[in-house]
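This report concerns only the one structure given below.
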Amino acid sequence: MKLYRPLYLASEIRALEQQHAAEPLMQRAGDVITEFVQGILPETQSSILMLAGPGNNGGDALVAARLLQNIYQVTVVLCGDADRLPTDAADAYQCWIKSGGKVLDDIPEGQWDLVIDGLFGIGLQRPLSGRLAELVASINQLGAPVLAIDVPSGLCADTGRVLGVAVRADWTITFLGLKAGLFTLNGPDMAGEVVMESLGIKADGDTVGHLLEQESVSKMLPKRLKNSNKGNFGNLGVIGGAARMTGAAILAARAGLLTGAGRVYLGLLDAAAPTYDNMMPELMLRPVDEVLNLEKLDCLVIGPGMGAEDKTRAHLARALALTVPLLLDADALNLLAGDEALRKILSKRTAATVVTPHPGEAARMLACTVRDIQNDRIQSALNIARQYQAITLLKGCGSVIAMPDGRWFINHSGNPGLASAGMGDTLAGIMGALIAQGLPAEESVQLATYLHGAAADGLMERGNGPVGLSASEVMTEARWLLNQWVYL
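Every number in this note's numbering is 5 more than the matching position in the sequence shown, counting from 1.
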């Protein structure tokens, strides 16, 4: 059984809040903030700087301040007019004042053991500017640990975009449900460790967004029977590697072999390419036409290092016409984006199609800018999935997987070590291998994406990254990790 934690957009959280408006959610939020702070700040009389904003996020902060002042030295900075606070936040403000609390207009000089950011929550839609931007910049310069309430101020809860400037938190305690923006684009850098508190509310209904974690994917690939042969684990084809780019296709093929494909056939486009791989002679190098004509092909990966020559376009047209699962990466995506005839062939496919663009390739596929893609990665991935009728992986920090039916997933593994040459080729090979082994394409994309990132994380934990991490290391680590998940 696949276990996914749901991800929410701000509109869904607001609807949930409305359904439970009669419940004391602000008091519960203050309670869980207080409990969390006691867990990370054991020394009583420690100094806490609490920043409260003009909305209900500020109300959560004021409730927490009133509770925390019994344990710590709490200083509150209120950003906004107390007379214009929403009803619940105004009540929290009055309780704070009646308890002997005071509010300041600006951050005073001093040393802080903890800063709590309660300035802005999911309602923020415009870039911070002026005094608000200066206040957030000041928080980031204090040098103290920061706990953000719900979302770091200045971070878009839906997209992970920084709206002008954003608080860089060490922890984010988020309420009712996990916000999508905490896990993609700038979200992971700004949110730090994310802790979700339901406030006693069980979300009703299914969400279309989900978070990919180890528990979600680790048991997707079944154990192998002892009575097995290489034919049981599929034939993977890889086509690419034009002149001066053969390494890309070789990496994809090697990754496919290391992550379980029974046979891997590699067709290199470079006429001067070798006829065997001396580092991995198990790979079967064949002419491209022979790979395209294989009778028993369970998945084809096409695109790594492929180039954009006319003969390459012809190979892609033949690949699109095949009735086997197809993974399009790199140059195959660029060719597809610029050729209506190729897109027409794609539209007639009945077998599974997977596309794996990075933001630049995604922009070409949607005829927009990279900024447009990154401004809303979830919607961009969904647009590609629907327009091309393909399972879509939009790569980047918090990679987004989108399905043509509107479901989407954000990957929660990986680190900056993956920002190096050959990583995308390796990922394509892993995906292809899983599909070739008989795993459904949707599950293969999810498992491969998480596995690829988790392999990089494991290497980093042992000191082999993120600086200098290589694609070859990642594919070897992915093999080890996959075996751990399946057999232990």
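Heads up, the beta-carbon is just placed ideally off N, CA and C, and yes, glycines get one too.
**Message:** When you compare the region 156-170 with the region 123-131, are there three or more beta-carbon pairs, one atom per stretch, that lie closer than 8 Å?
**Reply:** yes
**Request:** For my contact list, G197 and T177 are in at a C-beta cut-off of 8 Å; report their separation, rounded to the angstrom.
**Result:** 6 Å
**Item:** DSSP beta-bridge partners of I396
**Value:** V359
**Item:** Rounded straight-line distance, which links the Cα of L73 to that of T92
**Value:** 22 Å
**Item:** Alpha-carbon spacing of S418 relative to Q219, whole angstroms
**Value:** 9 Å
**Item:** Entirely enclosed beta strand (DSSP E) segments - the region 101-140, minimum 3 residues
**Value:** 119-123
**Prompt:** Distance, Cα to Cα, R318 vs V293?
**Reply:** 13 Å
**Request:** Note down the Cα distance separating D303 from M31, rounded to an integer number of angstroms.
**Result:** 54 Å
**Message:** Quick check on the burial criterion: 16 or more other C-beta atoms within 10 angstroms. Buried or exposed for V269?
**Reply:** buried
**Request:** With DSSP as the reference, please indicate the residues paired to E198 in a beta bridge.
**Result:** W176
**Request:** Go through its chain and collect everything with a Cβ distance to M480's Cβ below 8 Å, but skip five positions before and after it.
**Result:** L256, R259, A260, L263, T264, T431, G434, I435, A460
**Request:** Under the assumption that L241 contacts I144 (Cβ atoms under 8 Å), give the Cβ distance between them as a whole number of angstroms.
**Result:** So it is not a contact: roughly 50 Å between Cβ atoms.
**Request:** State the Cα-Cα distance for the pair G365 and P309, rounded to the nearest angstrom.
**Result:** 15 Å
**Request:** Express the C-alpha separation of V68 and D122 in angstroms, rounding to a whole number.
**Result:** 13 Å
**Prompt:** Considering only the beta carbon of each residue, do A66 and V79 sit closer than 8 Å?
**Reply:** no
**Message:** So, for S104: in the same chain, excluding its five sequence neighbours on each side, which residues have a beta-carbon less than 8 Å away from its beta-carbon?
**Reply:** R71, Q74
**Request:** Indicate the three-state DSSP secondary structure (helix, strand or coil) for T39 in the structure shown.
**Result:** helix
**Request:** Please classify F414: does DSSP put it in a helix, a strand, or coil?
**Result:** strand
**Prompt:** Based on Cα-Cα distance, which residue from I406, K224, V329 lies nearest to I440?
**Reply:** V329
**Request:** Out of E17, G422, G148, point me to the one whose CA is closest to V213's CA.
**Result:** E17
**Asked** Within 10 angstroms of its Cβ, does D282 collect 16 or more other Cβ (buried), or is it exposed?
**Response** buried
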